[in-house]
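**Q**
In our numbering, the protein residues as written are 7 to 357.
#1: Let me make sure I understand the geometry here. Which of 85, 80, 87, 121 has the alpha-carbon closest to that of residue 95?
#2: What residues match up with residue 68 in a beta bridge as DSSP calls it?
#3: Using the Cβ count rule (16 or more neighbours within 10 Å means buried), how would you classify residue 130?
#4: Name the DSSP bridge partner or partners of residue 111?
#5: Who does residue 358 pair with in a DSSP beta bridge?
#6: With contact counted as at least three CB pairs below 8 Å, one residue from each stretch, are the region 337-351 and the region 224-236 in contact?
#7: Nearest-angstrom Cα distance between residue 217 and residue 257?
#8: Relative to the alpha-carbon of residue 292, which residue among 119, 190, 26, 27 has its alpha-carbon at the smallest distance?
#9: In terms of alpha-carbon separation, which member of 313, 127, 168, 146 lies closest to residue 197?
#10: Looking at the unbroken beta strand (DSSP E) that takes in residue 12, where does it start and where does it end?
#11: For residue 287 versus residue 268, is the C-beta distance shorter than 8 Å?
#12: Assign residue 27 to one of three DSSP states: helix, strand, or coil.
#13: Use the C-beta contact count for residue 322: other C-beta atoms within 10 angstroms, 16 or more gives buried, fewer gives exposed.
#14: Roughly how many angstroms separate the alpha carbons of residue 103 and residue 74, rounded to a whole number?
#15: Beta-carbon separation of residue 296 and residue 194 under 8 Å?
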């Protein structure tokens, strides 16, 4: 069989975040390792580190077609065998149009197919189920899409319980913190009242300014840093990670990080609830609750601060979360997805 030509359609930017691009990048790495030709179609706005990640892998970034007709035209012009769609904004009719044009179509979804008619659906969220789809569904964290840098940093066993007087805490909320969660959670962490060495990743200058206005408590250090390609090393070096319940959840699990998650947008709620219920991470609640005024907001923040204090003061509690998380995501998800795509394409596109 000649080289399989794969396109990945996704966007990233300060307001839409980077989750779609990050998981497409993980899939791209696996396709490249299998000898496929890979192109990313989409817009990457004001994210120099993200475009550098693509360039370092020799992956072209071309403008992203949006309409069904334009997707088909791009697939034909670039002679694509496979097109992966990872977007909440694309015309849902695009998948069916591609499929009808003979392009093997993969739709990456998060609990909602948006009516797309694809050959293959991928929902990498823990416990995902979506019956009745017209194509094959790969569902659950066994299909989590993780980059080389995460897979290579995975420890051989779950991290053990380690007692430390001033835990190292890492807080990050996606590549851009599109919803401004970092300042809110920094204040909640300070309110937990436990000594800590806190590193906060700030995706935008205005976020950094807010972080710098937070006064640490006794024994607390707050260190804002810009987005970095060394995130896996920061995660494995932390005693506790506080993060949004998005695509980074599976990176945290794979790395065996003891984590406390915040649901920052509606489409994270279902996955957040499942992950917390099964003890893969602690739950700090939903961002609108933590930012609310009045009695309800104060109560939500106080509850989250108590949860964080309990984690910071208990190595065993952190180790229990780490062990469950580590055993749930093994880092082989993207290989399973590409296996499924190649098996189908070899049947559908004999050469």
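Even glycine gets a Cβ: it sits at the ideal position worked out from N, Cα and C.
**A** According to the structure data:
#1: Checked all of 85, 80, 87, 121; the closest Cα to residue 95 is 121.
#2: In the DSSP assignment, the residues bridged to residue 68 are 47.
#3: Using a 10 angstroms sphere on the CB of residue 130, the tally of other CB atoms reaches 16 or more, which defines it as buried.
#4: Partner residues in the beta bridge of residue 111, as assigned by DSSP, are 89.
#5: This structure leaves residue 358 out entirely; the chain is present only between 7 and 357.
#6: At 8 Å Cβ cutoff, the stretches do not touch.
#7: Roughly 25 Å separates the two Cα atoms.
#8: Check the Cα spacing between residue 292 and each of 119, 190, 26, 27: the tightest is with 190.
#9: The shortest C-alpha separation from residue 197 is found at 313.
#10: Secondary structure note for residue 12: its beta strand (DSSP E) is the uninterrupted segment 11-15.
#11: For residue 287 and residue 268, no; Cβs fall outside 8 Å.
#12: In the three-state reduction of the DSSP assignment, residue 27 falls in the helix class, which pools H, G and I.
#13: The residue in question, residue 322, is exposed, as its Cβ has fewer than 16 Cβ neighbours within 10 Å.
#14: Those two C-alpha atoms are separated by around 6 Å.
#15: Yes. Within cutoff.
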